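This report concerns only the one structure given below.
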Amino acid sequence: MNRIVKSLVVTAMVTLPFSAALAQEANVQKLADDVYAINLMGYTSLVVIGDEDVLITETANPFRADVLTGEIAKLTDKPVGKIVLSHEHFDHTGGTEIFKGAEIIAQENVRAVANLDPLGMFPDKIDQTFDANMDIDMGTTLVRLHHFGAADGVANTIVQLPEEKIVAIADMYRDGGLTPGVFLTDTNLLGNRKALNAVASWDIEHALNAHSTSTDPASLVATAGFLNDLYDEVQPQIIEMLKDPGHLVPGIMELSETLVLPEYKDWKNYGDLPLYVQKMSFAIMHGG
Ligand SMILES: [Zn+2]
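Here the sequence shown is numbered in the numbering used here, starting from 35 and rising by one per residue.
Shown next as structure tokens:
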């Protein structure tokens, strides 16, 4: 990102919606020795203090990243040396340049949107990429990165601290309900289902969710169950519809108006179930 664009972005961040967040206090939780969750301005960063340096997630944007440096400085005087991108969505990838010299690590598909970045939020360079898994030994803590395929975005990375039984996930579930349908535009529900089922099978004590202060894994596990139930209802109907492929799209739209999952009716945003039926149906028929 060039300097003029960068300063414009910082100015925009300071003067536009993010300025309201100035008054917000950071919510800092110690989850284990050398491991913290810092919720600030609507995003939660995992912070792992290693022998030499610090690993973080979710810089989000330059303004937040700037405030985050101050919060990390209250925990350690070691520099931030590693930034793991949770995925390629620009509202999560901004501000990495605030941490001078930090190595940026991401799943290799992250570059898919690098040249489509109108706000200059994507890092100028990615230092290390991985395909399915990568281990980072921080000395104090083993950090394991996992990619299960397209999910929320195409480069979704789930961070696991196996010893500490901690995971960090972005944009794949909400506390106590469904993610609003409007945020599903770049979500592959088959991928979310696959990833959340895998994570739900792990031994987890804390699950950091990129937009939540809660680290209770219950909502993650419940969402995996919801996506399984949705899939089990939708998939047989798609097979049935394929007997008359010309009717497939109208059939999906009709299904989205009639299918109900009463077990989830009290969940927040249950009213968006029709969008979930459509997204799951289209994921099953064309993979996205
Ligand atoms: Zn996202």
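All residues carry an ideal CB built from backbone N, CA and C; glycine is no exception.
Keep in mind the model is a prediction, meaning the values are calculated, not measured.
Shorter than 8 Å, the distance from the beta carbon of residue i to the closest heavy atom of ligand 1, or not?
| i | result |
| --- | --- |
| Gly128 | no |
| His123 | yes |
| Ala204 | yes |
| Gly322 | no |
| Gly215 | no |
| Gly187 | yes |
| Asp220 | yes |
Tell whether a beta-carbon distance below 9 Å holds between residue i and residue j.
| i | j | result |
| --- | --- | --- |
| Thr213 | His121 | no |
| Asn143 | Val177 | no |
| Leu119 | Ala140 | yes |
| Glu92 | Gly115 | no |
| Gly210 | Ala317 | no |
| Val88 | Lys112 | yes |
| Leu282 | Ala258 | no |
| Ile200 | Ala234 | no |
| Ile90 | Ile106 | yes |
| Leu80 | Val69 | yes |
| Val311 | Ile273 | no |
| Asn167 | Leu150 | no |
| Gly22 | Asp100 | Nothing can be reported for residue 22, as the shown portion of the chain is limited to 35 through 322. |
| Tyr265 | Met319 | no |
| Arg145 | Thr163 | yes |
| Leu74 | Leu102 | yes |
| Unbroken beta strand (DSSP E) runs of length 3 or more, entirely within the region 158-188: which are they? | The qualifying runs are 162-164, 167-171 and 176-180.
| message | Any contact between the region 126-136 and the region 80-100? By contact I mean 3 or more CB pairs, one from each, below 8 Å. | response | Segments in contact, yes.
| field | the region 154-161 in contact with the region 76-85 per 3-pair CB rule at 8 Å | value | No contact exists between the region 154-161 and the region 76-85.
| field | Segment contact flag, the region 289-301 with the region 185-199, C-beta cutoff 8 Å, min 3 pairs | value | Touching, no, given that fewer than three Cβ pairs across the two stretches are closer than 8 Å.
| said: Using 8 Å as the cut-off, can you tell me whether the region 218-237 makes contact with the region 199-206, which would need three or more C-beta pairs spanning the two stretches below that distance? | reply: Two segments are said to touch when three or more pairs of C-beta atoms, one from each, lie closer than 8 Å; by this definition the region 218-237 touches the region 199-206.
| message | So, does the region 174-192 touch the region 269-285, judging by three or more C-beta pairs under 8 Å? | response | By the Cβ rule, the region 174-192 does not count as touching the region 269-285, because fewer than three pairs are nearer than 8 Å.
| query | In the region 86-138, which residue ranges form an unbroken beta strand (DSSP E) of at least 3 residues, counting only runs that do not cross its ends? | reply | Qualifying beta strand (DSSP E) stretches, in chain order: 88-91 and 114-118.
| query | Counting Cβ pairs closer than 8 Å, one from the region 293-303 and one from the region 235-251, do we hit at least three? | reply | No, they do not touch.
| field | In chain order, each beta strand (DSSP E) run of at least 3 residues that lies wholly inside the region 194-282 | value | If only uninterrupted beta strand (DSSP E) runs of at least 3 residues are considered, those enclosed by the region 194-282 are 200-203 and 240-243.
| field | Every unbroken beta strand (DSSP E) within the region 56-87, with a cutoff of 3 residues, ordered by chain | value | If we require 3 residues or more, the beta strand (DSSP E) runs fully inside the region 56-87 come out as 61-66, 69-74 and 77-83.
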